[in-house]
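Following the numbering used here, the numbering of the sequence shown begins with 15 at its first residue and continues without gaps. Read through the structure below, which is laid out as structure tokens, and then see the notes.
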Amino acid sequence: MSVVAIIPAYNEGKTIGDVLKVLMPMQIIDEVIVVNDGSSDNTAAVARNCKARVIDLPQNSGKSIAVLTGVKNTRADIILMLDADLIGLTELHVRKLLGPVCSGNADMTIGIFKNGRGVTDLAQKIAPFLSGQRALKRDVFDKLEKYPVKDYGLEIALTLMAEKENIKVREVELENLTHVMKEEKRGLIAGFLSRVKMYWDIIFCVIKFRLEVF
Numbered sequence: 015m016s017v018v019a020i021i022p023a024y025n026e027g028k029t030i031g032d033v034l035k036v037l038m039p040m041q042i043i044d045e046v047i048v049v050n051d052g053s054s055d056n057t058a059a060v061a062r063n064c065k066a067r068v069i070d071l072p073q074n075s076g077k078s079i080a081v082l083t084g085v086k087n088t089r090a091d092i093i094l095m096l097d098a099d100l101i102g103l104t105e106l107h108v109r110k111l112l113g114p115v116c117s118g119n120a121d122m123t124i125g126i127f128k129n130g131r132g133v134t135d136l137a138q139k140i141a142p143f144l145s146g147q148r149a150l151k152r153d154v155f156d157k158l159e160k161y162p163v164k165d166y167g168l169e170i171a172l173t174l175m176a177e178k179e180n181i182k183v184r185e186v187e188l189e190n191l192t193h194v195m196k197e198e199k200r201g202l203i204a205g206f207l208s209r210v211k212m213y214w215d216i217i218f219c220v221i222k223f224r225l226e227v228f
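Right, dumping it as structure tokens:
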């Protein structure tokens, strides 16, 4: 059973190296794919220096397209999704995500931050279905093709689809893990606007999903 880690990344040169340093030595992971989503910084160079496979998108296309591009470029049985801006990632976190899927006890796991930072912990307690840290069987992504997905709506689409398709989902706690917030990366105004777009994409996905599927 093969495992691939897919990391969508847009201008994450400052943090992606630390994520890759954890993943690259792990024998349970057969390949690490970084989808460089039109970055203007050194994201791709850092990823290549860490020996990850890099797929360059010509322009910023959004998280959904980046992840799905990675999926289309692998035949692995299990997909590990991780954000490029994680802080404090360890092998234990990765194994907690992969374990239930590799053992057949779940079709998809969703990682929930715990004891990382108050703001990110609270956000994931309120809306765990938005977490980007997941492991899932390849056929879950295959089923996603018939559902509407838009940019930041990937995670909520996976969650809604899981309900519809009776996919076995397990939430796992990822202690002492957090990520860089949009406002910290892009500044208060740009970060806020990016967050607004994220929530709009999520709302759009939910509405369209309900209309088309149910």
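We put the CB at the ideal spot given by N, CA and C, even for glycine. Please read these numbers as outputs of a predicted model, since none were measured by experiment.
Discussion item. Just to confirm my understanding: we take Leu-231, look at its own chain, exclude 5 residues before and 5 after, and list those with CB closer than 6 Å. What are they?
Written reply: The requested residue 231 does not occur in the structure, where the chain is confined to residues 15 to 228.
Fill in: Beta-carbon contacts of Gly-146 that lie in its chain and below 7 Å, excluding the five residues immediately before and after
For Gly-146, where only same-chain residues beyond five positions count, the Cβ hits under 7 Å are Met-95, Asp-97, Glu-169.
Worksheet item: Can you tell which of Leu-191, Leu-188, Leu-172, Glu-189 has its C-alpha closest to the C-alpha of Lys-182?
Response: Leu-172
Discussion item. Buried or exposed for Pro-22, going by 16 or more other Cβ atoms inside 10 Å?
Written reply: buried
Worksheet item: Counting pairs of Cβ atoms below 8 Å between the segment 28 to 44 and the segment 56 to 71, do you hit three or more?
Response: Yes, they touch.
Discussion item. Can you tell me where the alpha helix (DSSP H) holding Leu-144 begins and where it ends?
Written reply: Looking at the DSSP string, Leu-144 is not in any alpha helix (DSSP H), and its letter there is neither H nor E.
Discussion item. I'd like to check one pair, Asn-50 with Ile-79: are the Cβ atoms closer than 8 Å?
Written reply: no
Worksheet item: Can you list, in chain order, the residues of its chain whose CB lies under 6 Å from that of Val-48, leaving out five sequence neighbours each side?
Response: So the qualifying residues of the chain are Ile-21, Ala-23, Ala-61, Ala-66, Val-68.
Practice prompt. Going by DSSP, name the residue or residues bridged to Asp-51.
Written response: Paired residue(s): Leu-71.
Item to complete: Determine the burial state of Glu-26: buried for a count of at least 16 other Cβ atoms within 10 Å of its Cβ, exposed for fewer.
Response: buried
Discussion item. Quick check: the Cα distance between Arg-89 and Gly-113, rounded to an integer number of angstroms?
Written reply: 20 Å
Worksheet item: Name the DSSP beta bridge partners of Val-17, please?
Response: Ile-92
Worksheet entry | Status (buried if at least 16 other CB within 10 Å, exposed otherwise) for Leu-106 | exposed
Fill in: Cross-strand partners of His-193 (DSSP beta bridge)
Leu-100
Item to complete: Find out if the Cβ-Cβ distance for the pair Thr-192, Gly-84 is shorter than 8 Å.
Response: Annotated as distal: Thr-192 and Gly-84, with beta-carbon spacing of 8 Å or more.
Worksheet item: Which ranges would you report for the alpha helix (DSSP H) in the segment 154 to 179 if only whole runs of at least 4 residues count?
Response: 168 to 179
Item to complete: Could you tell me if Asp-153 is buried or exposed, where buried requires 16 or more neighbouring beta carbons within 10 angstroms of its beta carbon?
Response: Exposed: under 16 other Cβ atoms inside 10 Å.
Item to complete: May I ask you to report which of helix, strand or coil DSSP gives Pro-39?
Response: In the structure shown, Pro-39 sits in coil (DSSP, three-state: anything other than H, G, I, E or B).
Practice prompt. Can you grab the Cα-Cα spacing for the pair Ile-42 / Gly-118, in whole Å?
Written response: 15 Å
Worksheet item: Distance, Cα to Cα, Ala-120 vs Lys-128?
Response: 21 Å
Worksheet item: Skipping 5 residues on each side, what residues in its chain have a beta carbon closer than 7 Å to that of Asp-231?
Response: This structure does not reach residue 231, given that the chain is present from 15 up to 228, and the question cannot be answered.
Worksheet entry | Reduced DSSP secondary structure (H/G/I, E/B, other) of Lys-128 | strand
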